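Trainee: Below are the structure tokens for one structure; questions will follow.
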Amino acid sequence: MQLDPEFLSRLQFAWVVGWHILLPAFTIGLASYIAFLEGAYALTKRPVFLNLSQFWLRIFAISFGMGVVTGIVMPFQFGTNWSRFSDAAGNVISPLLAYEGLTAFFLEATFLGVLLFGRKLVPPSMHFLAAILVAGGTLSSAFWILATNSWMQTPVGFEVVDGRYFPKDWFEIVFSPSLPFRFAHTVNGFYVTTAFVVLGVGAYTVRRGQALAEGRMMLRLALWFLMIFVPLQIVLGDAQGLNTLEHQPAKLAAIEGLWDGGKGVAASIIGWPDQAAERNLDEIAIPKLGSLYLTHSWDGAVKGLKDFPADQRPPVAIVYFAFRIMVGVGLAMLGMVALGLFLLARRELDRAQWYLRLCEFTICLGFIAVIAGWTTTEVGRQPWTIYGLMRTADSVSPSLTGGNVLLSLLLYIAVYLVIFPVGISIMVGIVRRGPAGSEEVSPIGSGHPKSPIEALAATGPEGAR
Amino acid sequence: MQSLDLLPMWVTILALGVFFYVALDGFDLGVGMLYNFAPDRDARNLVMNSIAPIWDGNETWLILGSVGLLAAFPVAFAIIIPAVYFPILLMLLALIFRGLAFEFRYRDAEHRTFWDHGFAAGSAVAAFAQGVVLGAFIQGFHVQGREFVGSSFDCFTLFSIFTGIALMFGYALLGSGWLIIKLEGALQDWARALGRRCLIGTVIGIGVVSLWTPYVDAHIAARWFSWPNFAYLAPVPLITAALILYAWRSLNGRSDYGPFFAALGLFVMSYIGIAISLWPMIVPGHFTLREAASSPSTQAFLLIGTLFLLPVILVYTAWSYWVFRGKVRSDIGYH
Chain A
1 MQLDPEFLSR LQFAWVVGWH ILLPAFTIGL ASYIAFLEGA YALTKRPVFL
51 NLSQFWLRIF AISFGMGVVT GIVMPFQFGT NWSRFSDAAG NVISPLLAYE
101 GLTAFFLEAT FLGVLLFGRK LVPPSMHFLA AILVAGGTLS SAFWILATNS
151 WMQTPVGFEV VDGRYFPKDW FEIVFSPSLP FRFAHTVNGF YVTTAFVVLG
201 VGAYTVRRGQ ALAEGRMMLR LALWFLMIFV PLQIVLGDAQ GLNTLEHQPA
251 KLAAIEGLWD GGKGVAASII GWPDQAAERN LDEIAIPKLG SLYLTHSWDG
301 AVKGLKDFPA DQRPPVAIVY FAFRIMVGVG LAMLGMVALG LFLLARRELD
351 RAQWYLRLCE FTICLGFIAV IAGWTTTEVG RQPWTIYGLM RTADSVSPSL
401 TGGNVLLSLL LYIAVYLVIF PVGISIMVGI VRRGPAGSEE VSPIGSGHPK
451 SPIEALAATG PEGAR
Chain B
1001 MQSLDLLPMW VTILALGVFF YVALDGFDLG VGMLYNFAPD RDARNLVMNS
1051 IAPIWDGNET WLILGSVGLL AAFPVAFAII IPAVYFPILL MLLALIFRGL
1101 AFEFRYRDAE HRTFWDHGFA AGSAVAAFAQ GVVLGAFIQG FHVQGREFVG
1151 SSFDCFTLFS IFTGIALMFG YALLGSGWLI IKLEGALQDW ARALGRRCLI
1201 GTVIGIGVVS LWTPYVDAHI AARWFSWPNF AYLAPVPLIT AALILYAWRS
1251 LNGRSDYGPF FAALGLFVMS YIGIAISLWP MIVPGHFTLR EAASSPSTQA
1301 FLLIGTLFLL PVILVYTAWS YWVFRGKVRS DIGYH
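This is the structure we're talking about:
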């Protein structure tokens, strides 16, 4: 079999971005949560907020570090594997990527150092400001990278000269038609993801009966937050879907599994999209419903996949199922929040062992939704890197052989399969030791100096000994 | 705006950005390489603590350097990066291990030795890979039109492997200079002893690369050795020699800051030397800086923000160095 550098490069990009996105999905929300906790402590001086902030900072340090090192990989992918795309689109996308570095990465890196190591070196107000700046940095990063992605999905404000893309209107480029919806839906999704982690960790802490005050605070904060943001996420998702209908109809048709367009189309609930046969097998569908929620009219017209040439359609089954997984997870989240609020109202939340246990399992829900959503939008825009204009096949570096990419992909797989299990197990260990009191454990004999890295051991396995 | 030529500004910004990366991540990669030579665990902890709060910011310059290259010279980015596919891959994987070792080393006590080695080896491999990139860049690439058409293994030559080793010594020298600033007493003496060996390695590296480079490319030979260039450029080797002498004396003396800044001076001189050799090419032999430049609109749009943000970044970076100034303190608790 001939190894295809394009296919392998796509696989490699999916592998490195798929793992990477899990980290910002968690740290963007966590940075804001920590800033909130620091602020709440500064205002109320209640130790519960300080304990929680210190506890989550330990987890943040691990996950943020993993986010940084896997993030550095990303801009280089544009050069190593997608050099034709870089040459063609560099004039348009590069300032957006550069602004991400200038407005976000330095801010995060510098003030994270202050946040982690500087509590005794800078005044409390400065420490709080550092927390806010780290959180602001993560949001700015999300904005610029999504602006880049959105331009590739809905390109505007450019002109093409000799196959290369040149900027004409920077405002249009930065705020391309899908950006507002993509940014709102993604960042809100990240916040929800973090809140489900906090909910699960809070449930675990309460169930174990240690650090009850901290555990109860986490549970309640997360539930109140999710009560607003889960329904909001569903509304924002619908808005992004309508935006996709307008600008990327082929992607939307794949999401819907809609082969034959027309008026009054059905809503496909579940089935098996067969790309070759151009129809869905074993399908359950509800007549006319598709038009209703897509066009808000029973007889609204929607384009189907057959309205596009076969070589301009995405791999339908992947998009179709990824979308259904995302929606399914969203509904499960809604159920979890409703249950939690019901128990809270009846004052049974802290004693409902079954629900607390369930919360521990639903820690992963947000991450599944993020990967599914990302798959929907990224596979759905195939076969294009710049939607409707530049094909993925024309974007790959010409010098690469299949063997080259296979080798690099295997190395990325090997390394990520070491660092992610280790990182996750370390974070689980921090959660097991719980939020309260761990700072007081002295790692080494008295009279021995305690330095930053050594102090890490205070919360490490050694300190617990 | 259209009439204003922004290219010189961008060349300056990119040159500074790359230099900041080399100087800042250079010393902390160097510290990483020296890490496993530390006499005991307490010393290793101090060594790691000396860079723990700042390494992340240092590494950020790498992103700015690569994205800056894409922004200012997109075609150069599209030719050079795929041409050094494997050195870049090695560098990225090495940086992953090394960056995570900071956090993982203590929290994953069962595999501490693994992460210790990961930190030292990761730093060494990253430095070596960057040196290979540099060597390959000086040698030039097979280019047709706007694309690199050679093989992904072209970049590994005797010359580029030598520049890889030379850069390891150079970074280790910077690292020992940093440790001399941050450590005291017997440990500082240990850093000085290492620094002397690294200086010898660095001097051999600079000498051999300086003689080998003109041999690789006749244009470069003509630039340095033709009259009157020879006279104009004579200060470059002379200042370098003076810096080497000063570095040696300060490593043997009691100066805390001398070795680090002498090492930094050697990097400045080497950097200037390479710039003189290759000017005005950004893809040696194929694209000049001007030919490879991005569109004026791209340059202008990014410049507006950069002129405002870069000074701010420099200020708060300097502030964080100020916060963590002085000898590695032993009373700073984590969090």
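Protein sequence lines correspond, in order, to chains A and B.
According to our numbering, the stretch in the first sequence is residues 1 to 465, in order.
According to our numbering, the stretch in the second sequence is residues 1001 to 1335, in order.
Ideal Cβ placement from N, Cα and C applies to all residues, glycine included.
The model shown is predicted, which means the values in this text are computed figures rather than measured ones.
1) Got a sec: is the Cβ-Cβ distance from Arg1249 of chain B to anything in chain A below 9 angstroms?
2) Taking C-beta pairs closer than 7 angstroms, name the residues in chain A that Ala1071 of chain B reaches, listed in chain order.
3) With the cut-off set at 9 angstroms, would you say Gly1057 of chain B and Val1018 of chain B are in Cβ contact?
4) Is it right to say Gln1144 of chain B is buried, meaning 16 or more other beta carbons lie within 10 angstroms of its own, or is it exposed?
5) State the Cα-Cα distance for the pair Asp1005 of chain B and Leu1303 of chain B, rounded to the nearest angstrom.
6) By Cβ distance below 8 angstroms, which residues in the same chain neighbour Ile21 of chain A in space, the five residues on each side in sequence not counted?
7) Between A:Asp274, A:Met218, A:Arg433, A:Leu199, which has its C-alpha nearest Arg357 of chain A's C-alpha?
8) I need the DSSP call for Glu246 of chain A, collapsed to helix, strand or coil.
9) Looking at chain A, is there any beta carbon in it that lies within less than 9 angstroms of the beta carbon of Leu1006 of chain B?
10) Nearest CA to the CA of Asn81 of chain A: which residue from B:Thr1113, B:Ser1152, B:Asn1049?
11) Less than 9 angstroms between CB atoms is the rule here; does Gly202 of chain A satisfy it with respect to chain B?
12) Ignore the nearest five residues each way along the sequence and tell me which others in Asp311 of chain A's own chain have a CB closer than 8 angstroms to its CB.
13) Check Tyr387 of chain A in the structure and name its three-state DSSP category.
14) Roughly how many angstroms separate the alpha carbons of Gly1333 of chain B and Ala42 of chain A, rounded to a whole number?
15) What does DSSP give as the partner residues of Phe158 of chain A in its beta bridges?
16) So, is Gly163 of chain A buried or exposed, given that buried needs 16 or more other C-beta atoms within 10 angstroms?
17) Ignore the nearest five residues each way along the sequence and tell me which others in Phe143 of chain A's own chain have a CB closer than 7 angstroms to its CB.
18) Which bits of chain A does Ser1123 of chain B rub up against, with CB to CB less than 8 angstroms?
19) So, helix, strand or coil for Asp238 of chain A, using DSSP?
20) Does any C-beta atom of chain A lie closer than 9 angstroms to the C-beta of Phe1301 of chain B?
21) 9 angstroms is my cut-off, CB to CB: does Gln86 of chain A come that close to chain B?
22) Could you list the residues in the stretch 162–178 of chain A with a C-beta less than 7 angstroms from some C-beta on chain B, going in chain order?
23) In its own chain, which residues sit with a C-beta less than 7 angstroms from the C-beta of Ala222 of chain A, not counting the 5 before and 5 after it?
24) List the endpoints of the continuous beta strand (DSSP E) containing Asp1042 of chain B.
25) When the distance is taken between beta carbons, is Thr385 of chain A closer than 9 angstroms to Thr392 of chain A?
26) Going by other Cβ atoms of all chains shown within 10 Å of its Cβ, with 16 needed for buried, is Trp354 of chain A buried or exposed?
27) Give every residue of the same chain whose Cβ lies closer than 6 angstroms to the Cβ of Arg1136 of chain B, excluding the five residues on either side of it in the sequence, and list them in chain order.
28) Under 9 angstroms between C-beta atoms, does Thr80 of chain A make it to chain B?
29) Of all Cβ atoms in chain A, is any one closer than 9 angstroms to the Cβ of Ser1151 of chain B?
30) What's the gap between the Cα of Thr1298 of chain B and the Cα of Ile1313 of chain B?
31) Check whether the stretch 172–188 of chain A and the stretch 335–348 of chain A touch, using three or more Cβ-Cβ pairs below 8 angstroms as the test.
32) Given a cut-off of 9 angstroms, decide if Leu1278 of chain B and Ile1220 of chain B are closer than it, judged by their beta-carbon atoms.
33) Could you please give the first and the last residue of the uninterrupted beta strand (DSSP E) stretch that includes Asp282 of chain A?
34) In the DSSP assignment, the alpha helix (DSSP H) including Asp299 of chain A goes from what residue to what residue?
35) Here's the rule: buried if 16 or more other CB atoms are within 10 angstroms of the residue's CB, otherwise exposed. What is Gly1253 of chain B?
36) Helix, strand or coil for Ser268 of chain A? Go by DSSP, reduced to three states.
Mentor: Taking the coordinates as given:
1) No, its Cβ sits nowhere closer than 9 angstroms to a Cβ of chain A.
2) Near Ala1071 of chain B (Cβ distances below 7 angstroms), the residues of chain A are Ser94, Pro95, Ala98.
3) Inclusion of Gly1057 of chain B and Val1018 of chain B in the CB contact set at 9 angstroms is not warranted, their separation being larger than that value.
4) Sixteen is the threshold: since fewer than 16 other Cβ atoms of the shown chains lie within 10 Å of the Cβ of Gln1144 of chain B, the residue is exposed.
5) Just so you know, the alpha carbons of Asp1005 of chain B and Leu1303 of chain B end up roughly 12 angstroms apart.
6) So the qualifying residues of the chain are Val370, Ile371, Trp374.
7) Of the listed residues, the one whose Cα sits closest to Arg357 of chain A is A:Leu199.
8) In the structure shown, the three-state DSSP call for Glu246 of chain A is helix.
9) Chain A contact via Cβ: absent.
10) Comparing Cα positions, the closest option is B:Ser1152.
11) Cβ-Cβ to chain B under 9 angstroms: no for Gly202 of chain A.
12) Counting only Cβ-Cβ distances below 8 angstroms, and skipping sequence neighbours, we find Pro383.
13) Here Tyr387 of chain A sits in coil by DSSP.
14) Legend: pLDDT at Gly1333 of chain B = 38, less than 50; position of this residue unreliable, no value from coordinates given.
15) In DSSP, Phe158 of chain A forms a bridge with A:Pro167.
16) Flag for Gly163 of chain A reads exposed.
17) So the list reads Phe183, once near-sequence residues are dropped.
18) Within chain A, no residue comes near Ser1123 of chain B; the closest Cβ sits about 13 angstroms away, beyond 8 angstroms.
19) Helix.
20) At least one chain A Cβ lies under 9 angstroms of Phe1301 of chain B.
21) What sits at residue 86 of chain A in the sequence shown is Ser, not Gln. Output row for Ser86 of chain A: interface = yes.
22) Contacts with chain B (Cβ-Cβ distance below 7 angstroms) from the stretch 162–178 of chain A involve Phe166, Pro167, Trp170, listed in chain order.
23) Taken in chain order, the residues that qualify are Ala195, Val198, Leu199, Gly202.
24) It is not in any beta strand (DSSP E) - Asp1042 of chain B instead sits in the alpha helix (DSSP H) that spans 1041–1049.
25) Yes.
26) Residue burial annotation: Trp354 of chain A is exposed, with fewer than 16 other C-beta atoms found within 10 angstroms of its C-beta.
27) At residue 1136 of chain B the sequence reads Ala, which differs from the Arg that was named. Closer than 6 angstroms at the Cβ level, and outside the excluded window around Ala1136 of chain B, lie Val1084, Cys1155, Ser1160.
28) The beta-carbon of Thr80 of chain A is placed less than 9 angstroms from the nearest beta-carbon of chain B.
29) Interface flag for Ser1151 of chain B against chain A is set, since a Cβ pair is found closer than 9 angstroms.
30) If I take the Cα positions, the gap works out to 21 angstroms.
31) Touching, no, given that fewer than three Cβ pairs across the two stretches are closer than 8 angstroms.
32) Against a cut-off of 9 angstroms, the Cβ pair of Leu1278 of chain B and Ile1220 of chain B comes out as a contact.
33) For Asp282 of chain A, the enclosing beta strand (DSSP E) has its first and last residue at 279–286.
34) It is not in any alpha helix (DSSP H) - Asp299 of chain A carries neither H nor E in the DSSP assignment.
35) Exposure of Gly1253 of chain B is indicated by the presence of fewer than 16 other C-beta atoms within 10 angstroms of its C-beta.
36) Judged by DSSP in its simplified three-state form, Ser268 of chain A adopts strand.
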